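Listed in order, the protein sequences are those of chains A and B. By the working numbering, the letter at position 78 of the first sequence is numbered 294, and the numbering carries on one by one without gaps. By the working numbering, the letter at position 758 of the second sequence is numbered 1010, and the numbering carries on one by one without gaps. One structure below.
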Amino acid sequence: MIPAAFDYYRPTKVEDVIALLEEHGDDARVMAGGHSLIPMMKLRMADIPHLIDLQDVSGLGGISIEGGRIKLGAMVTQHELINHDGLAAAAPILRETALQIADPQVRYMGTIGGNVANGDPGNDMPGLMQCLDAQIELIGPGGTRSVAARDYYEAAYMTDRADDEVLISVSFAVPTGGYAYEKQKRKIGDYATAAAAVQINKNGGQIASASIAMTNLSDVPVWSESAGAALVGTGCDANAVKAAAAAMLGDIDPSEDNRGPVAFKRHVAGIILSRAINRAWERA
Amino acid sequence: MNDMTPERDERAANLKGLGCSRKRVEDARFTQGKGNYVDDIKLPGMLHGDFVRSPYAHARVVSVDKEAALALPGVVAVLTAEDLAPLGLHWMPTLAGDKQMVLADGKVLFQGQEVAFVVAEDRYIAADAVELVEVEYEELPVLTDPFEALKSDVVLREDLAGQTEGAHGPRKHHNHIFTWEQGDETGTNQVIDNADVVATESMYYHRTHPCPLETCGAVASMDAVNGKLTIYGTFQAPHAVRTVVSLISGIEEHNIRVVSPDIGGGFGNKVGVYPGYVCSVVASIVTGRPVKWVEDRMENLMSTAFARDYWMTGKISATKEGKITGLHCQVTADHGGFDACADPTKFPAGFMNICTGSYDIPTAYLSVDGVYTNKAPGGVSYRCSFRVTEAVYFIERMIEVLAIEMDMDAADLRRINFIKKEQFPYQSALGWEYDSGDYHRAWDKVMEAVDYKGLRKEQAERVEAFKRGETRTLMGIGLCHFTEIVGAGPVKNCDILGLGMFDSCEIRIHPTGSAIARLGTISQGQGHATTFAQILATEIGLPADSITIEEGDTDTAPYGLGTYGSRSTPVAGAATAMAGRKIRAKAQMIAAYLLEVHDNDVEFDVDRFVVKGAPERFKTMKEIAFASYNQAIPGLEPGLEAVSYYDPPNMTYPFGAYVCVMDIDVDTGVPEVRRFYALDDCGTRINPMIIEGQIHGGLTEALAVALGQEIAYDEQGNVKTGTLMDFFLPTAWEVPNYETDHTVTPSPHHPIGAKGVGESPHVGGVPCFSNAVHDAFRPFGLRQTNMPHDHWRIWQTANRLGLHD
C-alpha cells in the first residue's frame, strides 16, 4: 500500500491548475477529497506522477440556492451536504443520499465534485445527478462549458471531461415532489449492490412526472427514461411500479462480482427501485 | 474465622481480586495512542524489507532478475531462494511437521507467495524496488478444489515426490497430506446401519481469515559484535519462536531475544512462523543492520494464515424417540500449498474430535484427510481452540438436520441428548474427558429468558402471514449449545514442535508490598495485565493495582507456549495461582516468625495472616513483604519470590447456550439480527467486564464469519477478497445488541476453577447465526445451505425454494 513517487502541487488559482494540467497532460490528475484516488495510488492501480491538490483553490466551494436553482461547488464535502439546512429543505434527496455514502470520516473528506467527476460506477452522486438532470460545469484552457449529467458518463472512469479540464460545480433546478434514495449494500462503507434515485411529481392523484436513475448496475450510472415514463399518468399502483421496474431492467447491465451474480442483482434492482418509488410516492 | 464482616468485605474489595470488574489497566495507553506496536519500533540504521510476490497460484519460476532493483539508489539487497540456500534457510519447518518455502524455490504454489525480499533504506524505496524485480513465470495448471486435487495428475509438491509417508502417517496420493482417524469406525457404521433414524448431510465451512487490526511484522537486529540477535515481532508464542529460530539458524538460544511488544489482535493469525520473519532475520545478518518487515492488509489476507476450509460430511443416527446413538464425520481439509496448520503435534486436525459436542453420543468415528491445493497455507484457530469452531459447527448443524429428519423441535432434541450433570467427568466416544458441565441448567435458563415457546408461536404466525402474502420477511430462531475444549494442554499429549504445552509465572514481591509477575503468555488485547493481577491479588493479598504483569520478552519472562486456544487463563492463570500459593506459603512462615507462633497457628485472611482464634494479632502481606527483605529469619532465605511451571492435568471445557432471532428479507437476502442471547459458563469469573467484552468481540467475529466474511478464490487461484472492501469486517453499524448471561460451573482441576472464555462466543456464535438463517427457511424445506450467508447466497436459497415470483 505504498504509492509510487509523485510530485505534489497545491495551487490557489484555477488558472494555475489548468496550466499544470496542460503542462503534464496524462501524467497529472487533480485531487479533491482523495478518497477514490489515493487508495488507487496506494494499490499502484493509478500512477500519477503529478498530483494537483484542489484544497486551496479558491472559488470551488459553496452551496447556493437562488432563482430556483441549486449550485454546489466541486469541493463541497458530503458532510457539508448533510449539514446544510437550506439544502435539506430544498433538496432533501441530497441529504438522504449523502448519508448512505461511506462513513462519517470519509464524508468529512469526500466531495461532490470528486464523486461526480471520477466516473466510478460505484459512486452514488452520479446517478443522483442524472435523476435531478444536473448540469456539470467544467473549466479548461478554452474557458468553461456545461454538460448534462445524463450525457457525461461514457464508461467506467471514462467521462466527457477532457484531461485538461476540471469540474468546478454541479447545478440543477430545485427538485419538487416526492423523493427517495434507496440503497442496498453489504456494510457501511460499501458501494451499492443496487441503488435507486427517484423524484416524483404528483398532480390530481396521478404521477405527473418521474425521474429514475440507478447506481452500480452498469459501467455507468443509468438514467432510465422508460422507467419514469411507465409511471406517468398512473396512480402508482402495484402494476405501475412493476412496469417501471421492468422498464428499468431493460436499461441496466450489471456484472457479477463479490456482491453477487447477475440474476440476483437484477432482482434486487427491481426490488430496490420499487421501494424507492413507493417511498417517493408517499412523500409526493 | 471466615465470616464475612463488613470490614473484611472492604479489605477484599480493596484488593480488586477475583470477580471484580476492574477497569483494564492497558486501556490508558491504547486509547491515548501510546501503545508500542512492532511498527512503532525504530532502531538506529534500520532498513526496510518488502516482498516480491507471485501473481500466479501455480507457476514455475524461470528466472529472477534483480539488476534493475539493485540499481535503484537506496536498495541494499534483494534476496532470493538462491541466496538463502547456502544457509539452509530457503525452506523452513512448519508447525504441522511439513516444510514451507521461505522464498520461491523453483516454483510457486499460491497467489501472493513470497518470491524475493527487497531490503532498502526506506519503506518507499523498498516498494519501488519490488516493482523493478523482474520475475519470469511459466504458468502451471491450478488446483483450488481439494477433491479435484486428490484425483489430479498435477503434482503440487514436487519436493515430496515419492514420499508415501508424511508427518502424520501414510499419504494416499501426491496431493494428499494425511489421514487422521479417531473413534470406532466399524462400531459406528454398525450402529448407523441398524438405527431407527439416520440423517446425512454435507456442509462446507468456508475459508476465512482472522484479520487482526494490526497485521504481522517483525524487526530483526543482529548485533555482529556480541553475536546477539533480537527480534521484535507479532508473536503469539515468543518463546516458541526463540527456540525455532535457534533450531533453524544454529544461533544458540541464549543469544536470541524475542520480544512481543503490544499486539493489535491475534485471533490465531500470529501463531505461525512466516517467511517475513525469517527474511528479516537473514537480511539483518547479511546487512549487519536492523531490518523491519510489516505486511500490508492485502498481504495479510492473501498470505498469512487463513482459517477453516473444511468440507464435512456427517451421518447421525437416533432412536425413534430421538436419543442419538452414533455419529460419523468425514472431513476433507484444504490446507493450501504447504501444511502450516498451527495445531499440537499429535493433532493434525486439531481437536476436531470434540465434534460429538454437548451430547451423550455413545459411538462415533471421525476421519480427516488433509489435502494440498494452490491456496495460501495456514489453517489456524481463528478465535477458537484448534478446529473447535469447525467441530461445533458440524455437530450443531447435524443436530438441526436430525431434527428436520425426525420432524422434531431442535431444542427438544438437544435437551434429550445433553450429557447430564451427574455424568461428569464424562468420557467422550472420541477420546476426551469433559471435566465439568451443567448443560440442562444453562439451556433451560436461556429458553425461559427468551420465551422460546413464544418465539416459535410468533414464527409460525409469520410463516402463515408470508404464505398469505402479507409479509416478505421470514423469522429464524437460531439455537446453539456448544462445548469448547481449551487450555492446551497436558504435556503428556500436547506439544508444539516437541515443546510441551505447559505455561509459567514468576513472581517477585518488592519490599514495600508491590509486585511484578511475568508470564509465558502474551496478551493481544485480552487484558492479561488486568486479569492476572486480579488472580494474584486474591492469592497473595496485595492489591491488583500494586501488581505489574509483564509478558512477551524472552530475556525476562519464564518459558511458556504463548496465547491462543483460550489457553492463557487455564494454563498460565493456573501457574499464576500456583506461584501465588508458593508466595503465600513462605509468607505464612514469615508471619508466624514475626508473630512468634508456630507456622500452623496462623491462617490467611484476605490480605494478612492472623493468629488463629486471635484475629487482632496479624501481619499484613505488606508488612510480611518488608520483613522478608530486612529480617534474618532462621531457616528462610531472604526475599519473597516464586516461580511455577504448570502442566494442567486436563483441558477445560467451557460451554454455553445461545439463541439468535433473525428477520430475513426474502427479496433482498438481507438478514437482520433482532435479538441475540448468549449464556456462557466459563467456570470461575475473574473479571466480569472483560468477559463481557470478550463475548461481544467473539460474537461479532462470529457474525462476520457466518454472514459474509470469506477468503474466496476464482478458478485460477486469484484471491477475490483481498481488501476490506470485499472481506467483511463488521463495524459498529452492523453489530446487533447482545444480551449476555452466565452460569458458573467451576473446573474441578483448575486451581481457581476458571476455564477460559475468549473464544467461546465465536465457537458458539457461528453455528447460532447460521442456524437462524437455516431455521427461517426450514418451513419451506431447507436442510443445508453453506456459509457465508451473505445477501446473494440468502437470496439464492430463497430463490431455489421458489419463494420469488
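C-beta atoms are modelled at their ideal positions from N, C-alpha and C, and glycine is treated no differently. A quick note: this is a predicted structure, and the numbers were derived from the prediction, not measured.
Self-check item: Counted within 10 angstroms of its Cβ, other Cβ atoms place B:Val477 as buried (16 or more) or exposed
Solution: The residue labelled residue 477 of chain B in the question sits at position 225 within the second sequence. Exposed is the call here.
Quiz item: Does DSSP put B:Lys480 in a helix, in a strand, or in coil?
Solution: In the second sequence, the residue the question calls residue 480 of chain B occupies position 228. Three-state result, B:Lys480: strand.
Self-check item: Where B:Thr1049 meets chain A, residues with beta-carbon distance less than 9 Å
Solution: Position 797 of the second sequence, counted from the start, is the residue given in the question as residue 1049 of chain B. Neighbours of B:Thr1049 on chain A: none; closest Cβ ~11 Å, over 9 Å.
Practice problem: Using a Cβ cut-off of 7 Å, pull out every chain B residue sitting near A:Arg323, in sequence order please. | Solution: In the first sequence, the residue the question calls residue 323 of chain A occupies position 107. Identification of chain B residues near A:Arg323 by a Cβ-Cβ cut-off of 7 Å yields none; the smallest Cβ-Cβ distance measures about 14 Å.
Practice problem: Return the CA-CA distance between A:Asp453 and B:Lys567, expressed in angstroms with no decimal places. | Solution: For the purposes of this step, residue 453 of chain A is taken as residue 237 along the first sequence, with counting starting at 1. For the purposes of this step, residue 567 of chain B is taken as residue 315 along the second sequence, with counting starting at 1. For A:Asp453 and B:Lys567, the distance between alpha carbons rounds to 51 Å.
Practice problem: Output yes if chain B places a C-beta closer than 9 Å to the C-beta of A:Arg260; else output no. | Solution: Translated into positions along the first sequence, residue 260 of chain A becomes position 44. A:Arg260 counts as touching chain B.
Exercise. Could you tell me which chain B residues have their CB closer than 8 Å to the CB of A:Val484, listed as they occur along the chain?
Key: Counted from its first residue, the first sequence places residue 484 of chain A at position 268. Within 8 Å Cβ-Cβ: Asp919, Thr920, Gly921, His1043, Trp1047.
Exercise. Determine the direct distance from the alpha carbon of B:Ala1050 to that of A:Ala426, and round the result to whole angstroms.
Key: Position 210 of the first sequence, counting from 1, holds the residue named residue 426 of chain A. Position 798 of the second sequence, counting from 1, holds the residue named residue 1050 of chain B. The alpha-carbon separation between A:Ala426 and B:Ala1050 amounts to approximately 32 Å.
Practice problem: Compare the Cα-Cα distances from B:Val546 to each of B:Phe878, B:Val913, B:Lys359, B:Phe487 and report the closest residue. | Solution: Position 294 of the second sequence, counted from the start, is the residue given in the question as residue 546 of chain B. When only C-alpha atoms are compared, the closest one is B:Phe487.
Practice problem: Step through the CB atoms of chain B and report whether any lies within less than 9 Å of the CB of A:Ala456. | Solution: Here residue 456 of chain A refers to the residue found at position 240 of the first sequence. Interface criterion not met: the Cβ of A:Ala456 is under 9 Å from no Cβ in chain B.
Quiz item: Contact between the stretch 311-319 of chain B and the stretch 500-512 of chain B: three or more CB pairs below 8 Å?
Solution: Under the 8 Å Cβ criterion, the stretch 311-319 of chain B does not count as touching the stretch 500-512 of chain B, having fewer than three qualifying pairs.
Quiz item: What does a CB cutoff of less than 6 Å around B:Gly741 pick up in its chain, not counting 5 residues either side in sequence?
Solution: As a first step, residue 741 of chain B must be located in the second sequence, where it is residue number 489. Same-chain partners within the cutoff: Met753, Met903.
Quiz item: B:Val360 bridges to which residues according to DSSP?
Solution: As a first step, residue 360 of chain B is located in the second sequence; it is residue number 108 there, counting from the start. For B:Val360, DSSP records a beta bridge to B:Ala311.
Practice problem: Give the secondary structure of B:Ser633 by DSSP, where H, G and I count as helix, E and B as strand, and everything else as coil. | Solution: One-based indexing of the second sequence puts residue 633 of chain B at position 381. B:Ser633: coil per DSSP, three-state reduction.
Quiz item: Cβ of B:Met253 less than 9 Å from any chain A Cβ?
Solution: The residue labelled residue 253 of chain B in the question sits at position 1 within the second sequence. Its pLDDT being 44, under 50, B:Met253 is placed unreliably in this model, and the coordinates cannot settle the point.
Practice problem: Ignore the nearest five residues each way along the sequence and tell me which others in B:Asn441's own chain have a CB closer than 8 Å to its CB. | Solution: If you number the second sequence from 1, residue 441 of chain B lands on position 189. Only His580, Tyr617 meet the Cβ criterion.
Self-check item: Burial state of A:Met257 (16 or more Cβ within 10 Å)
Solution: Start at 1 with the first residue of the first sequence, and residue 257 of chain A comes out as number 41. Counting the other CB atoms within 10 Å of its CB gives A:Met257 a total of 16 or more, which places it among the buried residues.
Practice problem: Flag A:Lys287 as yes if its beta-carbon sits less than 9 Å from any beta-carbon of chain B, otherwise no. | Solution: Taking the first sequence and counting its residues from 1, the one referred to as residue 287 of chain A is at position 71. For A:Lys287, the closest Cβ of chain B is not nearer than 9 Å.
Quiz item: In chain B, which residues lie less than 7 Å from A:Thr409 when you measure between Cβ atoms?
Solution: Here residue 409 of chain A is taken as the residue at index 193 of the first sequence, counted from 1. Going along chain B in sequence order, the residues near A:Thr409 (Cβ under 7 Å) are His1043.
Quiz prompt | Test: A:Pro477 CB closer than 9 Å to a CB of chain B | solution = Numbered from 1 along the first sequence, position 261 holds the residue referred to as residue 477 of chain A. Yes, because at least one Cβ of chain B sits closer than 9 Å to the Cβ of A:Pro477.
Quiz item: When we look at the beta-carbon of B:Gly739 and count the other beta-carbons within 10 Å, is it buried (16 or more) or exposed?
Solution: Here residue 739 of chain B refers to the residue found at position 487 of the second sequence. The C-beta of B:Gly739 has 16 or more other C-beta atoms within 10 Å across all chains shown, which makes the residue buried.
Practice problem: Determine which residues of the stretch 373-399 of chain B have a Cβ less than 7 Å from any Cβ of chain A, and write them out in chain order. | Solution: Residues of the stretch 373-399 of chain B with a Cβ closer than 7 Å to any Cβ of chain A, in chain order: Arg375, Tyr376, Ala379, Asp380.
Quiz item: Checking contacts by CB at 9 Å: is B:Gly1054 closer than that to chain A?
Solution: The residue labelled residue 1054 of chain B in the question sits at position 802 within the second sequence. No, no contact with chain A.
Quiz item: Mind pulling the chain B residues with CB within less than 9 Å of A:Lys399?
Solution: The sequence position of residue 399 of chain A within the first sequence is 183, counting from 1. For a Cβ distance threshold of 9 Å, nothing in chain B lies close to A:Lys399: the least Cβ distance comes to about 11 Å.
Quiz item: Are the Cβ atoms of A:Tyr395 and A:Gln415 separated by less than 9 Å?
Solution: Residue 395 of chain A sits at position 179 when you count from the first residue of the first sequence. Residue 415 of chain A sits at position 199 when you count from the first residue of the first sequence. In contact: A:Tyr395 and A:Gln415 (Cβ atoms closer than 9 Å).
Quiz item: Leaving out five residues before and five after B:His310 in sequence, what residues of the same chain have Cβ atoms less than 6 Å from its Cβ?
Solution: On the second sequence, position 58 is the one that residue 310 of chain B refers to. Here the set comprises Leu392, Val394, Asn626.
Quiz item: Near A:Gly278, which residues of its chain fall below 6 Å by C-beta distance, leaving aside the five closest residues on each side in sequence?
Solution: Within the first sequence, numbered from 1, the residue matching residue 278 of chain A stands at position 62. So the qualifying residues of the chain are Gly289.
Quiz item: Are B:Asp595 and B:Arg549 close, meaning C-beta to C-beta below 9 Å?
Solution: Taking the first residue of the second sequence as 1, we reach residue 595 of chain B at position 343. Taking the first residue of the second sequence as 1, we reach residue 549 of chain B at position 297. Not a contact, by the Cβ cut-off of 9 Å.
Quiz item: In chain order, what residues of the same chain lie with their CB nearer than 8 Å to the CB of A:Leu259, ignoring the 5 residues before and after it?
Solution: Here residue 259 of chain A corresponds to residue number 43 of the first sequence, with the count starting at 1. Met217.
Quiz item: For A:Ala235, which of helix, strand or coil comes out of DSSP?
Solution: In the first sequence, the residue the question calls residue 235 of chain A occupies position 19. A:Ala235 falls in the helix class under three-state DSSP.
Self-check item: Cα-Cα separation between B:Leu1055 and B:Pro1000, rounded to whole angstroms
Solution: As a working note, residue 1055 of chain B is residue 803 in the second sequence. As a working note, residue 1000 of chain B is residue 748 in the second sequence. Between the C-alpha atoms of B:Leu1055 and B:Pro1000 there is a straight-line separation of about 51 Å.
Quiz item: Just curious, the beta strand (DSSP E) that B:Phe282 is in, first and last residue?
Solution: Indexing the second sequence from 1 puts residue 282 of chain B at position 30. First-last for B:Phe282: 279-283, but that is the alpha helix (DSSP H), not the beta strand (DSSP E).
Exercise. For A:Ala220, decide whether its Cβ has a neighbour in chain E, counting only Cβ atoms nearer than 9 Å.
Key: The structure shown contains no chain E; its protein chains are A and B.
Quiz prompt | Rounded straight-line distance, which links the Cα of B:Leu499 to that of B:Pro988 | solution = For the purposes of this step, residue 988 of chain B is taken as residue 736 along the second sequence, with counting starting at 1. For the purposes of this step, residue 499 of chain B is taken as residue 247 along the second sequence, with counting starting at 1. Each residue's alpha carbon lies about 47 Å from the other.
Quiz item: Do you know whose CA, among B:Thr615, B:Gly825, B:Val918, B:Leu347, lies nearest B:Lys719's CA?
Solution: Here residue 719 of chain B is taken as the residue at index 467 of the second sequence, counted from 1. Looking from the CA of B:Lys719, the closest CA among B:Thr615, B:Gly825, B:Val918, B:Leu347 belongs to B:Val918.
Quiz item: Would you say B:Ala662 and B:Ile647 are within 9 Å of each other, going by their C-beta atoms?
Solution: Along the second sequence, read from residue 1 onward, the residue named residue 662 of chain B stands at position 410. Along the second sequence, read from residue 1 onward, the residue named residue 647 of chain B stands at position 395. At a Cβ-Cβ threshold of 9 Å, B:Ala662 and B:Ile647 do not count as neighbours.
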